[in-house]
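Our numbering numbers the first residue of the sequence shown as 1307 and each following residue consecutively.
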Amino acid sequence: LFATLIHNDFEQEFLHQLSTFGIIPIEDFDPLDPKHIQNPDFNDDSTSQFEKEQFAFKTVNQRMTRTLQFIRTPVRYAVSEYFMQEGWIDEVERNIVLNDL
């Protein structure tokens, strides 16, 4: 499993290239779904669903916030807006990242 951030103008070409190698995208993948947690500390029954959801959110949130640091300044704002729409970061975090860089 891997994630790739591409400009929407290149989406069709990218999907075509993936298909030439037999790679099938997971269209409805939700990175916030706790079922994707691979940390053994969260795979037992003693961890509540809420704790798993919080851990999944925290993990995705940290990854997206860090990702913004590596995106070129001219497109950083647009990408941060997309991340907010997806629920991966909030407005406060976006503003902190945009102002710190």
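All C-beta atoms, glycine included, are put in the ideal place defined by N, C-alpha and C.
From this set, the options, which residue's C-alpha is nearest residue i's C-alpha?
i     : options                       : result
L1311 : G1393, V1398 and S1386        : S1386
F1361 : F1348, A1384 and Y1388        : F1348
Q1391 : I1377, H1322, T1379 and N1367 : N1367
So residue i packs on residue j, CB below 8 Å; how close in whole Å?
i     : j     : result
L1307 : G1393 : Contact doesn't hold; Cβ gap of about 20 Å is too wide.
Q1375 : V1403 : 7 Å
Helix or strand or just coil, what does DSSP make of residue i?
i     : result
D1315 : helix
A1309 : coil
R1378 : coil
F1320 : helix
F1335 : coil
S1386 : helix
Hey, quick one: how far does the alpha helix (DSSP H) through residue i stretch, first residue to last?
i     : result
T1365 : Q1355 to L1374
E1397 : E1397 to D1406
Cβ contact (3+ pairs, closer than 8 Å) linking the segment 1350–1361 and the segment 1369–1383
no
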